[in-house]
Amino acid sequence: MAATPNSSTISLKLLVDTKRQKVLFAEAGKDFVDFLFNLLSLSVGTVIRLLSKDGMVGSFGKLYESVENLNDTYMQPNLNKDVLLKPTVPVAGSNILKLSNTESSARKAIYMCPSGSYHKYVSDDPKAKCPSCNHNLSTPTTYVAPLNTSVETSGAGGVGFVKGVVTYMIMDDLEVKPMSTISSISLLNRFNVKDVCSLEEKVVYLGMQEGVKLLKASLQSKSVLTNVFIGKKAAA
434 MAATPNSSTI SLKLLVDTKR QKVLFAEAGK DFVDFLFNLL SLSVGTVIRL LSKDGMVGSF
494 GKLYESVENL NDTYMQPNLN KDVLLKPTVP VAGSNILKLS NTESSARKAI YMCPSGSYHK
554 YVSDDPKAKC PSCNHNLSTP TTYVAPLNTS VETSGAGGVG FVKGVVTYMI MDDLEVKPMS
614 TISSISLLNR FNVKDVCSLE EKVVYLGMQE GVKLLKASLQ SKSVLTNVFI GKKAAA
């Protein structure tokens, strides 16, 4: 089921060649471009978790499954497997893929020496030993996350990666550039569009389902927008 307009979706306008059933380009604002750029910051572990192990091309799915199944006995002490399986995810702009850092923050339980301020050692493992007294660092303490990260803020207090005063053109293969009338006309010539009546504007919405599809298509295809929003592979 296609996403519908609401506070958790992003809208974009497609220019579709209805004869070839192909997206020529999309016109979108800052939110969609921030979403695309944010994909570059995802770890392999996060991508595998989003696409599911069985949905991965190649052998990374099996590698991920191996870490899942490996007994903690074989892991280094003080190491939580979630560092690999559910790594901290930087999020910029609209959180379409639900990749907030709440998962990572919840794991950041910190423990200190029972002696309190006398021995200023902390660990994320309550079984770790205090170097001064050899007691377990078992007393819970509170981790305070920074107010902002370099991903969340840019420039003079801006949010995300790109500025919001510009409309952007996104090609079917996810090439991104500022929108202009001249570039639009040039693209029509480039795609050899002779009958403008065959062109259709289509407004679509990017939600969680479309975001995951787009991520997967971007790893497998150069016709990403066509595959995700038109639902078929573009004709050559």
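Positions in the sequence shown are counted from 1; adding 433 to them yields my numbering.
Every residue, glycine too, gets a C-beta built ideally from N, C-alpha and C.
Extent of the continuous beta strand (DSSP E) run through residue i
| i | result |
| --- | --- |
| Ile543 | Ile543 to Met545 |
| Ser444 | Ile443 to Asp450 |
| Tyr507 | Segment: none, Tyr507 is in no beta strand (DSSP E) and carries neither H nor E. |
| Ile663 | It is not in any beta strand (DSSP E) - Ile663 carries neither H nor E in the DSSP assignment. |
| Met602 | Tyr601 to Met604 |
| Thr659 | Element bounds for Thr659: n/a, residue is neither H nor E. |
Endpoints, the alpha helix (DSSP H) within which residue i is located
| i | result |
| --- | --- |
| Met612 | That residue, Met612, is in no alpha helix (DSSP H); it is neither H nor E in DSSP. |
| Leu517 | Asp515 to Leu518 |
| Val645 | Met641 to Ser651 |
| Phe458 | No alpha helix (DSSP H) holds Phe458; the beta strand (DSSP E) holding it covers Lys455 to Ala461. |
| Tyr497 | Phe493 to Asn502 |
| Thr479 | Val477 to Leu484 |
C-alpha distance - residue i paired with residue j, whole-angstrom precision
| i | j | result |
| --- | --- | --- |
| Glu536 | Pro510 | Model confidence at Glu536 stands at a pLDDT of 45, short of 50, so the residue's coordinates are unreliable; what they give is reported in the following sentence. If you take the alpha carbons of Glu536 and Pro510, they lie about 21 Å apart. |
| Ser499 | Thr614 | 51 Å |
| Val577 | Leu621 | 52 Å |
| Tyr554 | Ser565 | 9 Å |
| Met612 | Gly664 | 25 Å |
| Asp515 | Thr479 | 11 Å |
| Thr521 | Lys531 | 13 Å |
| Pro438 | Val609 | 23 Å |
| Thr582 | Val629 | Note that Thr582 has pLDDT 48, beneath the 50 cutoff, so the model's placement of it is unreliable and the number below is only indicative. Cα-Cα distance, rounded: 46 Å. |
| Ile443 | Gln653 | 23 Å |
| Met489 | Phe468 | 21 Å |
| Val637 | Phe662 | 7 Å |
| Leu503 | Val466 | 38 Å |
| Pro559 | Thr572 | 8 Å |
| Val599 | Asp464 | 11 Å |
| Ser556 | Val477 | 26 Å |
| Thr574 | Ala435 | 45 Å |
| His552 | Glu501 | 35 Å |
| Lys655 | Val626 | 20 Å |
| Ser617 | Ser527 | 27 Å |
| Ser548 | Cys563 | 10 Å |
| Thr506 | Arg623 | 59 Å |
Proximity of residue i and residue j at Cβ, strictly below 9 Å
| i | j | result |
| --- | --- | --- |
| Leu570 | Met545 | yes |
| Glu643 | Ile543 | no |
| Tyr497 | Leu472 | no |
| Gly640 | Ser474 | no |
| Phe493 | Gly593 | no |
Residue-chain proximity (residue i, chain C), Cβ-Cβ < 9 Å
| i | result |
| --- | --- |
| Thr659 | Among the protein chains of the structure shown there is no chain C, as only one such chain exists. |
Whole-Å CB distance - residue i paired with residue j, under 8 Å assumed
| i | j | result |
| --- | --- | --- |
| Thr659 | Lys452 | With a Cβ gap of about 13 Å, Thr659 and Lys452 do not count as contacting. |
Between the stretch 623 to 643 and the stretch 441 to 453, do at least 3 Cβ pairs fall closer than 8 Å? As far as the Cβ criterion goes, the stretch 623 to 643 touches the stretch 441 to 453, which means the pair count is three or higher.
Could you check whether the stretch 480 to 493 touches the stretch 642 to 652, counting it as contact only if at least three pairs of C-beta atoms, one from each stretch, sit closer than 8 Å? yes
Are at least three pairs of beta-carbons, each pair with one atom in the stretch 600 to 618 and one in the stretch 458 to 466, less than 8 Å apart? yes
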